[in-house]
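354 is the number that the numbering used here gives the last residue of the sequence shown; the numbers go up by one with no jumps. I have placed the structure first, in the form of structure tokens, so that the comments after it can refer back to it.
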Amino acid sequence: MAVVFGGRSPEHSISCLTAAGVAAVIDPERYDVVMVGLTREGGWVVGEDPLLMAPPGADGLPEVTTGHGVGGRVSPPGQPPQELTAVDVVLPLLHGAYGEDGTLQGLLEFADVRYVGSGVLASAVAMDKDVMKTLLRAAGVPVCRWVTVTAQQWKADSAAVTERVRDLGWPVFVKPSRAGSSFGISKISGADELPEAIAHATAFDPKVIVEEAVVGREVECGVLEGVDGAPAQVSVLGEVLVGGEHAFYDFEAKYTDPDSLELVVPAAVDARVSEQLARLAPVAFDALCCEGLARVDFFLTPDDDLVLNEVNTMPGFTPSSMFPRVWAASGLDYPALVDRLLRTALSRPLGLR
């Protein structure tokens, strides 16, 4: 099997952290593991130790490198190593664009290689928040109101865009449509702040969404594809509590300021909320054609109604991440969770499903 990590997206370092955690719990008696790292420029590094392949960079976060002392064999961009297509199964731990968005999945489909997680369609749809919300709304899943803005629309008539955003009420969240880990997100309280927020978001993606602010608790659950055709399985809820100087669950709160963050697992919710979760999370999973796994994030309003925020087809997967923690609280520990995902992928037929 191959574990792919790193990648060209801004979430490169998060992927490296995920790979180090996952590699440590894969059963060596059952799986022969090759680590395949992707540099930020798209180069490939094949090795055995993700810590050697991705040493700390200038910011202290790991980064796959082809420089001196690299822990593996290097090949240039555009030339995937043969190990990637010679294995029984691939665990693609890439986050964000050029990996979680269907691009790597398409390569593996073309090569007839089984892999963990969603296919091309679900990966691409879940990465694009605008398309994701459109499909979920059509499936009857409650989502917040939003406005989609392209760089061309903003350049052509920013005043018209501003009026559309104003109809959402203030404050709003401005986000890149196809990015994760809270990159490029701003919370703004008036139209005068919109140009700067749009500029910040379009630095990551020329397509932007502006969402109304939902008052409520941030809660998340895990979903796993059912075994042998059974319905999708849903974990208990976890809750994200953000403190300190962070106005919302931003990148710094997630990864560089751990003292400001508390993950409460399981979340304290009543039976009505648990019933909503058991109904809505599988509907969202199926509506997007997800496979393997997903983390489904909700807002829990003061009236105890769930409003879906996003579906993440390859969530953060370090031992301390929310996804493994909610499954551990549901009776599936970290090594068993990784093994289940691999076994699910190995049982998947090749070709159209």
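Glycine is no exception: its CB is placed at the ideal position from the N, C-alpha and C atoms.
- Item | I27 - DSSP class collapsed to helix/strand/coil | coil
- Can G244 and W328 be called in contact, C-beta distance under 8 Å? no
- Task: With a 10 Å radius around its C-beta and 16 neighbouring C-beta atoms as the bar for buried, classify V216 as buried or exposed.
- Result: exposed
- Task: Go through its chain and collect everything with a Cβ distance to T314's Cβ below 7 Å, but skip five positions before and after it.
- Result: E101, G118, S119, A123, S124, A127, C291, A295
- When DSSP labels each residue in this structure, what does I199 get in the three-state scheme? helix
- Using DSSP bridges, identify the partner residues of P143. P143 is not bridged to any residue.
- How is S331 classed by DSSP in three states: helix, strand or coil? coil
- Task: Consult DSSP for F299 and reduce its assignment to one of helix, strand or coil.
- Result: strand
- Task: For A24, collect the residues of the same chain with a Cβ closer than 7 Å to its Cβ; drop the 5 residues on either side in sequence, then sort them by chain order.
- Result: V4, V34, M36, P51
- Query: In three-state DSSP terms, what is H247?
  - Reply: Note that H247 scores 46 on pLDDT, short of 50, meaning its location in the model is unreliable; the coordinates nonetheless yield the value given after this. Looking at H247 - three-state DSSP - the assignment turns out to be coil, as it is neither helix nor strand.
- Query: Does DSSP put T66 in a helix, in a strand, or in coil?
  - Reply: coil
- To the nearest whole angstrom, what separates the beta carbons of V312 and M133, a pair I think is in contact under 8 Å? 6 Å
- Message: Bridge partners for Q234 per DSSP, in chain order?
- Response: L225
- Residues near V173 in its chain [Cβ-Cβ closer than 8 Å; skip 5 each side]: V166, K188, I189, V211, E212, E213, A214
- Message: Restricting to Cα atoms, I'd like to know which of E226, L307, A87 is closest to V363.
- Response: Residue coverage of the chain in this structure runs from 2 to 354, which leaves residue 363 outside it and unanswerable.
- Out of curiosity, what's the CA-to-CA distance linking S183 and L242? 15 Å
- Is L85 closer than 8 Å to V318 when the C-beta atoms are compared? One detail in the question is off: residue 318 reads as Phe in this sequence, not Val. Result no, Cβ atoms of F318 and L85 do not sit closer than 8 Å.
- Item | Rounded Cβ spacing between A180 and P11 (contact assumed at less than 8 Å) | 7 Å
- Message: Using C-beta distances below 6 Å, list every residue in its chain close to D340, excluding the 5 sequence neighbours before and after it, in chain order.
- Response: none
- Task: Go through its chain and collect everything with a Cβ distance to P82's Cβ below 8 Å, but skip five positions before and after it.
- Result: V37, W45, V47, R74, S76
- Are three or more beta carbon pairs between the region 257-276 and the region 107-117 nearer than 8 Å? no
- A87, DSSP secondary structure in three states: helix
- V162 in three-state terms, based on DSSP: helix
- Cα separation between L155 and V162? Note that residue 155 corresponds to Trp in the displayed sequence, not to Leu. Distance between the alpha carbons of W155 and V162: 6 Å.
- Query: Below 8 Å between beta carbons: does that hold for D107 and V121?
  - Reply: Note on identity: in this sequence residue 107 is Gly, with Asp being the wrong assignment. The answer is yes: Cβ separation under 8 Å.
- Task: Kindly list the residues whose CB is nearer than 6 Å to the CB of D131, restricted to its own chain and excluding five residues on each side of it in sequence; keep chain order.
- Result: T149, S178, I210
- Message: Considering Cα atoms alone, identify which of D168, T302, S322, A330 is closest to V235.
- Response: A330
- Query: Would you report the Cα separation of L39 and V91, rounded to the nearest angstrom?
  - Reply: 14 Å
- Query: How would you call P78, buried or exposed, if buried means at least 16 neighbouring beta carbons within 10 angstroms?
  - Reply: exposed
- Can you tell which of R349, M2, G8 has the C-alpha that lies nearest to the C-alpha of T66? G8
- Where S178 sits in the DSSP three-state scheme: coil
- Task: Specify, as a first and last residue, the run of the alpha helix (DSSP H) that W45 falls within.
- Result: No alpha helix (DSSP H) holds W45; the beta strand (DSSP E) holding it covers 45-48.
- With 16 other Cβ atoms within 10 Å as the buried cut-off, status of V206: Note that residue 206 is Asp in the sequence shown, not Val. Its Cβ being crowded by 16 or more others within 10 Å, D206 is buried.
- Unbroken alpha helix (DSSP H) run spanning M36, endpoints: Per DSSP, M36 belongs to no alpha helix (DSSP H); it is in the beta strand (DSSP E), 35-39.
- Task: Starting from the N-terminal side, write out each stretch of the alpha helix (DSSP H) that is 4 residues or longer and does not extend beyond the region 105-133.
- Result: 121-128
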